[in-house]
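Here the structure is laid out as structure tokens; the discussion comes afterwards.
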Amino acid sequence: MPIEVIHTMLRVLDEERSLAFYTALGFEERGRKRVGGDTATIIFMGLPGDGDRLELTLNDGRTEPYDLGTAYGHIALTVADMDEELARLAEHGIRPEKEPYEAYPGGSRICFVRDPDGYRIELIERRG
Numbered sequence: 001m002p003i004e005v006i007h008t009m010l011r012v013l014d015e016e017r018s019l020a021f022y023t024a025l026g027f028e029e030r031g032r033k034r035v036g037g038d039t040a041t042i043i044f045m046g047l048p049g050d051g052d053r054l055e056l057t058l059n060d061g062r063t064e065p066y067d068l069g070t071a072y073g074h075i076a077l078t079v080a081d082m083d084e085e086l087a088r089l090a091e092h093g094i095r096p097e098k099e100p101y102e103a104y105p106g107g108s109r110i111c112f113v114r115d116p117d118g119y120r121i122e123l124i125e126r127r128g
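Take the sequence shown: its position 96, counted from the start at 1, is 96 in our numbering, and no numbers get skipped.
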């Protein structure tokens with residue numbers, strides 16, 4: 001049986017835009033590695049105090065957007081204060097798809113943002 005989820009991998013096209021987006025969300029670059037017979041670069045990222053949970057993969061020479069498919073949902077991140085976080089992200093040009101809302105009455109406030117490649121990121125402000 002598996003013990004833990006160790007990371008999520010996303011294929012990205014533009015290293016600078018992707019690093020700027022995920023850095024604005026609070027991720028830190030932790031390392032890089034060349035893979036695939038030296039045809040791709042993997043950038044490992046993590047949140048402070050947590051492991052390298054995000055793997056951004058850049059395939060050499062790829063310029064066409066990836067088909068995100070209909071199976072991909074989102075990555076979820078918790079935030080302490082939704083309004084404060086959205087104000088901070090706005091300084092980096094990152095806007096929510098729509099205003100934060102409660103998933104159900106009295107539940108967590110949530111909203112979604114999209115990274116430069118169109119991947120959805122859910123921000124969750126837990127209550128109580």
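Just so you know, even glycine gets a beta-carbon here, dropped at the ideal spot from N, CA and C.
Can you grab the Cα-Cα spacing for the pair residue i / residue j, in whole Å?
i: residue 37; j: residue 58; result: 13 angstroms
i: residue 64; j: residue 13; result: 8 angstroms
i: residue 46; j: residue 52; result: 4 angstroms
i: residue 99; j: residue 111; result: 7 angstroms
i: residue 30; j: residue 66; result: 25 angstroms
i: residue 93; j: residue 17; result: 11 angstroms
i: residue 32; j: residue 115; result: 20 angstroms
Note down, in chain order, each residue of its chain lying with its Cβ closer than 6 angstroms to the Cβ of residue i, except the 5 sequence neighbours on either side.
i: residue 79; result: 85, 123 and 125
i: residue 82; result: 100, 109 and 125
Report all residues from its chain with a CB closer than 8 angstroms to the CB of residue i; omit the five preceding and five following residues, and keep chain order.
i: residue 48; result: 26 and 28
Where does residue i sit, in a helix, a strand or coil, going by DSSP?
i: residue 122; result: strand
i: residue 27; result: coil
i: residue 71; result: coil
i: residue 58; result: strand
i: residue 34; result: strand
i: residue 201; result: Not covered by the structure: residue 201. The range shown for the chain is 1 to 128.
Please look up how many angstroms separate the CB atoms of residue i and residue j, rounded, as I've assumed it's under 8 angstroms.
i: residue 35; j: residue 42; result: 6 angstroms
i: residue 8; j: residue 54; result: 6 angstroms
i: residue 75; j: residue 6; result: That belief does not hold up - the Cβ atoms of residue 75 and residue 6 are roughly 14 angstroms apart, past 8 angstroms.
Tell me, please, which residues DSSP counts as bridged to residue i.
i: residue 8; result: 54
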